[in-house]
Amino acid sequence: MNIDNNFYIEAYDPQALHNKMENMKNKDDEALMKACKEFEAIFIQMMFKEMYKTIPEDGIIEKSNGTKIFEEMYIEEISNEIAKEDSGFGLAKMMYEQFKKGYVSW
Numbered sequence: 035m036n037i038d039n040n041f042y043i044e045a046y047d048p049q050a051l052h053n054k055m056e057n058m059k060n061k062d063d064e065a066l067m068k069a070c071k072e073f074e075a076i077f078i079q080m081m082f083k084e085m086y087k088t089i090p091e092d093g094i095i096e097k098s099n100g101t102k103i104f105e106e107m108y109i110e111e112i113s114n115e116i117a118k119e120d121s122g123f124g125l126a127k128m129m130y131e132q133f134k135k136g137y138v139s140w
């Protein structure tokens, strides 16, 4: 059985502990921002779907099931791309800042 002595040495080294805490914090920050961006993408997708409902479907050519599926996939991809950008709508950034400040717990 091997015992990792580095673990015990690092436990007594405040700098090593601080470095590990910062690494964990950075990973948590990245995960939080990813979750916020995913939420923003879902929000944008819901908004676009509601906007598409306002477009009249009456016309010469009737929409097929394939067209409807394509439109849904298109809306999903557009929403994801908008949310991926640094600016996006700004919802992800606002949520991230609220969570980081501790106004909202997660």
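Residue numbers for the sequence shown follow the working numbering, beginning at 35 and rising by one. Backbone N, C-alpha and C fix where the C-beta goes; we use that ideal spot for every residue, glycine too.
Report task. Please specify which runs of the alpha helix (DSSP H), each continuous and at least 4 residues long, are wholly inside the stretch 83 to 128, giving them in chain order. Result -> Fully contained in the stretch 83 to 128 are the following alpha helix (DSSP H) runs of length 4 or more, in chain order: 99 to 118.
Report task. Could you name the residues of the same chain whose beta carbon sits closer than 7 angstroms to that of Ser113, not counting the 5 residues immediately before and after it, in chain order? Result -> By one-based count along the sequence shown, residue 113 stands at place 79. Within the same chain, Ser113 has close Cβ partners Ala75, Ile78, Gln79, Phe82.
Query - Rounded separation between Met67 and Lys97 - CA only - result: Here residue 67 is taken as the residue at index 33 of the sequence shown, counted from 1. Here residue 97 is taken as the residue at index 63 of the sequence shown, counted from 1. About 38 angstroms.
Query raised in the report: Does DSSP put Tyr137 in a helix, a strand or coil?
Result: Mapped onto the sequence shown, residue 137 falls at position 103. DSSP places Tyr137 in coil when its eight states are reduced to three.
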